[in-house]
Amino acid sequence: MIEWLWASTPAFDLWKFLLTIFLVVNFKNLPLVFHYRIFRPIIQSAFGEKRRHQFISIKNGDKTLPLVFLPCITTTYTPMLEADYNLHKSNSTYFTDLDASRSHLLSYLCYSGISVVDKELTTEGKKGMLAAIIGSVSTSFKKEIRILQQYEVWSRILTWDKKWLYIVTHFVQKGSVKHACFVTNMLPGGHICGKCGGANGASAVRPVVFATSVSKYVFKKGRFTVAPERLLRASGLFGDSDKLGGEDSAKSSGAKDGTAIGEVVENERAKGFKYAEAWDELESLHAEFAGENEIASCIPAIGHFDDVAGYGFSFS
């Protein structure tokens, strides 16, 4: 086999063969592939009805689970160009996977709501395009991801306040979590497949988590800030209740014991908000750039060292 391959390579040149292999292995890092990963779920949600949710909650046995807090899952891998000197996935490359995963999550849950609110704000005289803008991202690394290893990216909404929408993302070893239940395979009546929680459902083994990230988004139309709750409500994720925790949405959720889906959502939001509050304490570090005894116009430093400065522009 090796002799045949070596004898046949001169026909199409060895370097072309090697270049083809290199490009295939590193397809994820080719030009415009990142943009494809970001915009594909947005376009699918805009033109594909199957990419839009039809329920505000799902029933898994006796439990009623709000759709707004369920994760979306993507599978990807570590190409050679994402490897560091240890032949592990470089920490800096996690952020492109975060962008792609969050694009799938927000497109599926909120595309319809963003369209509705955008039209409402335009009618109110607000100018500009309604956009989701990333405010900050924090990642905690726990275990390395090897080169060419496949892994899963799980993103879900953690909580929100009057300005920010918080999303938590877990990088998980592929196969360590048995996800047999998907909203996209929903059965009539809002029931999922029924495999979760049983012998064929989620694995009892603790999943292998490589890293965990928290991101926060602000929604802007021009200079006007849109409350995340308004977008989520316009997306039909809270049912008919006018206020979270109200009883009006019980009829939409199918919740038992009189528990409204709005109350379930608010309890889960409050549960996640303690993490958001702790994370927001780091925002004060912006003011610590210059110490108390230092003058902004003249800050002592170790030195100014060379890096790949390139031929870019310096904007002031």
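Under the numbering used here, the letters of the sequence shown match residues 3 to 318, in that order. Just so it is clear, CB atoms sit at the ideal spot from N, CA and C, and this is done for glycine as well.
Checklist entry - Which two residues bound the contiguous beta strand (DSSP E) that contains F317? => result On the sequence shown, residue 317 is found 315 positions in, with the first residue counted as 1. Element bounds for F317: n/a, residue is neither H nor E.
Next on the checklist: Mapping the DSSP letters down to three states, classify L132 as helix, strand or coil.
Outcome noted: Counting from one through the sequence shown, the residue named residue 132 turns up at place 130. Strand at L132.
Next on the checklist: Using the Cβ count rule (16 or more neighbours within 10 Å means buried), how would you classify I58?
Outcome noted: As a first step, residue 58 must be located in the sequence shown, where it is residue number 56. By the neighbour-count rule (16 or more Cβ atoms within 10 Å), I58 is buried.
Checklist entry - Under 8 Å between the Cβ atoms of T141 and S94? => result By 1-based counting over the sequence shown, the position of residue 141 is 139. By 1-based counting over the sequence shown, the position of residue 94 is 92. Annotated as distal: T141 and S94, with beta-carbon spacing of 8 Å or more.
Item to check | Extent of the continuous alpha helix (DSSP H) run through T125 | outcome: The residue given as residue 125 occupies position 123 in the sequence shown. Run containing T125: Y96 to T125, per the alpha helix (DSSP H) assignment.
Checklist entry - For F184, which three-state DSSP category applies? => result Taking the first residue of the sequence shown as position 1, residue 184 is located at position 182. Looking at F184 - three-state DSSP - the assignment turns out to be coil, as it is neither helix nor strand.
Item to check | From F226, G312 and I40, residue whose alpha carbon lies closest to that of S103 | outcome: On the sequence shown, position 101 is the one that residue 103 refers to. That would be I40, whose Cα lies nearest to the Cα of S103.
Checklist entry - When we look at the beta-carbon of Y96 and count the other beta-carbons within 10 Å, is it buried (16 or more) or exposed? => result Sequence index remark: in the sequence shown, residue 96 carries index 94 (1-based). By the neighbour-count rule (16 or more Cβ atoms within 10 Å), Y96 is buried.
Next on the checklist: Going by beta-carbon coordinates alone, are S157 and P73 separated by less than 8 Å?
Outcome noted: Looking up residue 157 in the sequence shown gives position 155. Looking up residue 73 in the sequence shown gives position 71. The Cβ atoms of S157 and P73 sit closer than 8 Å to each other.
Checklist entry - If you draw a straight line from the alpha carbon of F307 to that of I301, how long is it in whole angstroms? => result Sequence index remark: in the sequence shown, residue 307 carries index 305 (1-based). Sequence index remark: in the sequence shown, residue 301 carries index 299 (1-based). In a straight line, the C-alpha of F307 is about 16 Å away from that of I301.
Item to check | Identity of the residue in L160, I263, K165 and Y38 nearest H172 by Cα | outcome: Walking along the sequence shown from the start, residue 172 turns up at place 170. The candidate whose alpha carbon is nearest that of H172 is L160.
Item to check | Coil, strand or helix - R158 by DSSP | outcome: Here residue 158 refers to the residue found at position 156 when the sequence shown is read from its first residue. DSSP places R158 in strand when its eight states are reduced to three.
Checklist entry - Near L108, what residues of its chain come up, given a Cβ to Cβ distance below 7 Å and the 5 sequence neighbours on each side ignored? => result Within the sequence shown, the letter at position 106 stands for residue 108. Taken in chain order, the residues that qualify are A134.
Item to check | Member of A280, A303, D282 and W281 whose CA lies at the smallest distance from the CA of F291 | outcome: As a working note, residue 291 is residue 289 in the sequence shown. Per the Cα distances, A303.
Next on the checklist: What does the Cβ neighbour count give for F317, buried or exposed, with the cut at 16 atoms within 10 Å?
Outcome noted: By one-based count along the sequence shown, residue 317 stands at place 315. By the Cβ-count criterion, F317 is exposed, with fewer than 16 other Cβ atoms from all chains shown falling within 10 Å of its own Cβ.
Item to check | Proximity below 8 Å, CB of L34 to CB of V119 | outcome: Counting from one through the sequence shown, the residue named residue 34 turns up at place 32. Counting from one through the sequence shown, the residue named residue 119 turns up at place 117. Result no, Cβ atoms of L34 and V119 do not sit closer than 8 Å.
Item to check | One or two residues paired with S140 in a DSSP bridge | outcome: What you label residue 140 is simply residue 138 of the sequence shown in a count that begins at 1. According to DSSP, S140 bridges with V216.
Item to check | C-beta contact flag for T66 and I263 at 8 Å | outcome: Taking the sequence shown and counting its residues from 1, the one referred to as residue 66 is at position 64. Taking the sequence shown and counting its residues from 1, the one referred to as residue 263 is at position 261. Closer than 8 Å, so yes.
Checklist entry - Given a threshold of 16 other Cβ atoms within 10 Å of its Cβ, counted over all protein chains shown, does W17 qualify as buried or as exposed? => result Along the sequence shown, read from residue 1 onward, the residue named residue 17 stands at position 15. Result: exposed.
Checklist entry - So, H90 versus R148, is the Cβ gap smaller than 8 Å? => result Within the sequence shown, numbered from 1, the residue matching residue 90 stands at position 88. Within the sequence shown, numbered from 1, the residue matching residue 148 stands at position 146. Yes, they are a contact pair.
Item to check | Beta-ladder partner(s) of T227, from DSSP | outcome: Within the sequence shown, the letter at position 225 stands for residue 227. The partner list for T227 (beta bridge, DSSP) reads K222.
Checklist entry - Based on Cα-Cα distance, which residue from T22, L21, D309 and L69 lies nearest to C183? => result Locating residue 183 in the sequence shown gives position 181, where the first residue counts as 1. Ranking T22, L21, D309 and L69 by Cα distance to C183 puts L69 first.
Checklist entry - Cβ of L287 within 8 Å of Cβ of K223? => result Locating residue 287 in the sequence shown gives position 285, where the first residue counts as 1. Locating residue 223 in the sequence shown gives position 221, where the first residue counts as 1. No, Cβ-Cβ distance for L287 and K223 is not below 8 Å.
Item to check | Cβ-Cβ distance between G137 and W166 below 8 Å | outcome: By 1-based counting over the sequence shown, the position of residue 137 is 135. By 1-based counting over the sequence shown, the position of residue 166 is 164. In contact: G137 and W166 (Cβ atoms closer than 8 Å).
Next on the checklist: Considering just the uninterrupted stretch of the beta strand (DSSP E) at L67, what are its terminal residues?
Outcome noted: Counting from one through the sequence shown, the residue named residue 67 turns up at place 65. Where L67 is concerned, the enclosing beta strand (DSSP E) stretches over K65 to P68.
Checklist entry - What distance in whole Å lies between the Cβ atoms of K144 and F212, which are believed to be in contact at a cut-off of 8 Å? => result Locating residue 212 in the sequence shown gives position 210, where the first residue counts as 1. Locating residue 144 in the sequence shown gives position 142, where the first residue counts as 1. That pair is a contact at about 6 Å.
Checklist entry - Who are K91's beta bridge partners in DSSP? => result Looking up residue 91 in the sequence shown gives position 89. Looking at the DSSP assignment, K91 forms a beta bridge with A85.
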